[in-house]
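*Asks:*
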Amino acid sequence: MGPHPAVAAIRLAVRRVLHDLLNEHQTSAEHSAQPPHQRPPSPLVLVACSGGADSMALASALAFEAPRLGIRAGGVTVDHGLQPGSDLRAEEVVLRLRELGLAPVESTAVSVGREGGPEAAARDARYAALDAAAERHGAAAVLLGHTRDDQAETVLLGLARGSGIRSLSGMAAVSGADGRYRRPFLQLDRQTARKACMVQSLPVWDDPHNADPAYTRSRLRHEGLPALEKALGKGVVEALARTAQLSRDDADALDTWARQAEASVRDAAGLLECAKLYALPPAVRRRILRQAAIEAGAPAGSLFARHIEEIDRLITGWRGQGAINLPGKVVAQRQGGRLVIRQG
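Residues in the sequence shown are numbered from 2 upward in steps of one, following the numbering used here.
1) When you compare the region 308-322 with the region 241-249, are there three or more beta-carbon pairs, one atom per stretch, that lie closer than 8 Å?
2) Rounded to whole angstroms, what's the CA-CA distance from L157 to G236? Just pull it up for me.
3) Could you name the residues that DSSP lists as bridge partners for P325?
4) What residue does the alpha helix (DSSP H) around D366 start on, and which one ends it?
5) Just to confirm the assignment, what range does the alpha helix (DSSP H) spanning S219 have?
6) Could you give the DSSP three-state label for D80: helix, strand or coil?
7) Taking C-beta to C-beta, are C198 and A9 nearer than 8 Å?
8) Any idea if G146 is buried or exposed, counting beta-carbon neighbours within 10 angstroms, 16 or more meaning buried?
9) Does S265 pass the burial test, meaning 16 or more other C-beta atoms within 10 Å, or should it be called exposed?
10) Mind checking which residues open and close the alpha helix (DSSP H) that includes I342?
11) If we require 4 or more residues per run, which alpha helix (DSSP H) segments fall completely within the region 109-142?
12) How many whole angstroms separate the CB atoms of I325 and L340, which I take to be in contact at a CB cut-off of 8 Å?
13) Report the residue ranges of all beta strand (DSSP E) runs contained in full by the region 139-227; include only those spanning at least 3 residues, in chain order.
14) On the CB-based measure, 16 or more other CB atoms within 10 Å of its CB, does L169 come out buried or exposed?
15) Could you tell me whether the Cβ atoms of V15 and E66 are closer together than 8 Å?
16) Looking at the unbroken beta strand (DSSP E) that takes in V48, where does it start and where does it end?
17) Could you give the C-beta distance for D80 and T109, rounded to a whole number, given that I count them as a contact under 8 Å?
18) I'd like to know if the region 113-128 and the region 288-301 are in contact, where contact means that at least 3 CB-CB pairs between them fall below 8 Å.
19) For M57, count the other beta carbons within 10 Å of its own beta carbon; 16 or more makes it buried, fewer makes it exposed. Which is it?
20) Less than 8 Å between the beta carbons of A126 and V113, yes or no?
21) E93: which of G52, T217 and L83 sits nearest, CA to CA?
22) Looking at L103 and A64, is the spacing between their C-beta atoms short of 8 Å?
23) Kindly indicate the opening and closing residues of the alpha helix (DSSP H) around S353.
24) With DSSP run on the structure shown, which of helix, strand or coil describes L1?
25) By DSSP, does A74 sit in helix, in strand, or in coil?
26) Do you know offhand how far A122's Cα is from L70's?
27) Is the region 267-275 touching the region 183-191, taking contact as three or more C-beta pairs under 8 Å?
28) By the three-class DSSP mapping on this structure, what secondary structure does L281 have?
29) Can you tell me the Cα-Cα spacing of V18 and E263, whole angstroms?
30) Considering just the uninterrupted stretch of the alpha helix (DSSP H) at S29, what are its terminal residues?
31) Of the choices L255, A293, D150 and A91, whose alpha-carbon is the least far from that of R267?
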């Protein structure tokens, strides 16, 4: 008799990602100028594990599948230091990962700042720690346990911010530098991961922050989504996840269009020409403006839709208005039919 359906589902999701990584590794080795005996060993894949059901299910599936494909598998847990005893809990997670047969395994402590709010600050600190761990161990990828439910929440948060189609596209299955981060569970619901842990007798930790109404995502999870399902019926999570994928496809296409169009709207000196920008579709034009602001020094995380709309009005609603101040001490202004975006 085969494994429980929930266990089979998580293993299949991880197996697909590992196959992709193995193919990428083999392709890279084939194009390498190094002789075969000097080429790097089989790739190392790390799982980011908090000890919760999603990441423990992911760790168990990685531990099962990786040896069968000749892939090395390890784990890392991040201690955010936000709760009493978090260091002891991190040590417990390390022990559980080692019991699964993962190696190397480590715990890394971070200091969480305040910029952008507690959730954003914790996320930034966590990804910085995961990046450092991947670099330190030479890992080809880090697996993250985000589920379809997490994707639905991310789409709704993006919708609430009104940040455009890119924020509605949610989390990518592959992201980060050189595709470092992989999310195998984006097509699986949270209950499948929890069921897989239960039938495998894997102990899990439920983060009290996930039920704390002080956090926006927690309120959305326990109040917002249930209210939507009550009003609209079951299937809201699946529909939001589909919206994320469709939005991502559209956003990727528009980003490509904007990159290709950018050169055509610059003059010989490299300045943006307002008349040529005006002729572009708004979605393409605003992407070019956003990228120009980022290249001038505006932090991407602080550059909101309202900033881009203000710059856009220098193109579409020119009435002789003055310069626009942007985050990062960047200034945008119209001069002689050209749009100049630079450090103020």
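Where is the CB? At the ideal position from N, CA and C, for every residue including glycine.
*Replies:* In brief:
1) no
2) 14 Å
3) Residue identity differs from the one stated: residue 325 is Ile in this sequence, not Pro. Answer is A333.
4) Past the boundaries of the shown model lies residue 366; the chain is included only from 2 to 345, so the question cannot be answered.
5) T217 to R220
6) strand
7) no
8) buried
9) exposed
10) Not the alpha helix (DSSP H): I342 falls in the beta strand (DSSP E), residues R339 to Q344.
11) 119-138
12) In fact, because the Cβ distance is near 10 Å, the residues do not count as touching under 8 Å.
13) 142-144
14) buried
15) yes
16) L45 to A49
17) 7 Å
18) no
19) buried
20) yes
21) G52
22) yes
23) The structure shown does not extend to residue 353, since the chain is modelled only from 2 through 345, so no value can be given for it.
24) For the chain, the structure presents residues 2 to 345; residue 1 sits outside this window and is missing.
25) strand
26) 36 Å
27) no
28) coil
29) 34 Å
30) P6 to E31
31) A293
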